[in-house]
Amino acid sequence: MSTSVATANLGRPKDPAKRAAILEAAKSLFLACGFSGTSMDAVAKQAGVSKLTVYSHFCDKETLFSSAVEAKCHNTLPDPIFELDQDQPIRTTLTRIGLAFSGLINSEEVIALERLMCTMATQDPEMSRLFFEAGPQRTLTAMEGLIRHAIQAGLLNIQDAKRGAENFFALLQGCEHFRIRIGYREPMTAAEAQPHVEQAVDMFLRAYGVDQSI
1 MSTSVATANL
11 GRPKDPAKRA
21 AILEAAKSLF
31 LACGFSGTSM
41 DAVAKQAGVS
51 KLTVYSHFCD
61 KETLFSSAVE
71 AKCHNTLPDP
81 IFELDQDQPI
91 RTTLTRIGLA
101 FSGLINSEEV
111 IALERLMCTM
121 ATQDPEMSRL
131 FFEAGPQRTL
141 TAMEGLIRHA
151 IQAGLLNIQD
161 AKRGAENFFA
171 LLQGCEHFRI
181 RIGYREPMTA
191 AEAQPHVEQA
201 VDMFLRAYGV
211 DQSI
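Pasting the structure below:
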């Protein structure tokens, strides 16, 4: 009987609400306590679930950290935002992505996380790798895919799609994001972000756009 129960539990679908609660608790605790100061027990307690439930969703703390970073990025920059709509001007697509990205990097959570990663860089380089692959690299890869499709559609003229994606996000961050990250200035408001993003998109299209009138 015990074997059949165990087998049934293995096949039981996981509760998405509990997964979301675990991720929210993890994001909060990682930012407040750091990676080493956050335990799976603490995550379980804050999420209102058992430790066993946490481990049923995430096999270890590293996986939980990566998943929390990925969830934050995906909530603001979901996969569909990187789909090329040829019925719209490429400028519209790039501006939409740029505004979403600006909202992400100007959020309190992301700024705090970037500062945390800077303090951990020399202590635990593996965490830097996990963070970059779950967050920035995922975004870069998605943008690279969009650029490749835009090249094939004759909308952009870029020899290296990967470099193009990196240049796009570099323009969006600029020096302003460095000032924000070190606390020299407050995060951009939506009103401030709009002209900043539009200027970055304009520069990108001047460099890589096929039709300069767009």
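All residue numbers for the sequence shown refer to the UniProt record's numbering, where the first residue is 1 and numbers rise by one. For every residue, glycine included, the Cβ atom is placed at its ideal position computed from N, Cα and C.
| query | result |
| --- | --- |
| Give the straight-line distance between the Cα atoms of Met-1 and Ser-56, rounded to the nearest whole angstrom. | Residue confidence is low: Met-1 scores 41 on pLDDT, short of 50, so the model does not pin down where it sits. Its coordinate-derived value is still stated next. Approximately 21 angstroms between the Cα atoms of the pair. |
| Who pairs with Gly-209 in a beta bridge, going by DSSP? | Leu-156 |
| Can you give me the Cβ contacts of Arg-96 inside the same chain, cut-off strictly under 8 angstroms, excluding the 5 residues immediately before and after it? | Ile-81 |
| Using 8 angstroms as the threshold, is the segment 54–70 in touch with the segment 89–108, meaning 3 or more CB pairs across them? | no |
| My understanding is that Ala-44 touches Ser-50, with C-beta atoms under 8 angstroms, so please give their C-beta distance in whole angstroms. | 6 angstroms |
| With DSSP as the reference, label Leu-84 as helix, strand or coil. | coil |
| Compute the beta-carbon to beta-carbon distance between Ile-151 and Ala-161, rounded to the nearest angstrom, for a pair I have assumed lies under 8 angstroms. | 7 angstroms |
| Where does the unbroken alpha helix (DSSP H) through Lys-72 begin, and where does it stop? | 61–76 |
| Exposed or buried, which one is Ser-67 when buried takes at least 16 other CB atoms within 10 Å? | buried |
| Got a sec, what are the start and stop residues for the alpha helix (DSSP H) Met-117 sits in? | 108–120 |
| Between the alpha carbons of Glu-186 and Ile-180, how many angstroms are there, rounded? | 6 angstroms |
| Flag this pair as touching only if the segment 189–204 and the segment 165–174 have three or more C-beta atom pairs under 8 angstroms; answer yes or no. | yes |
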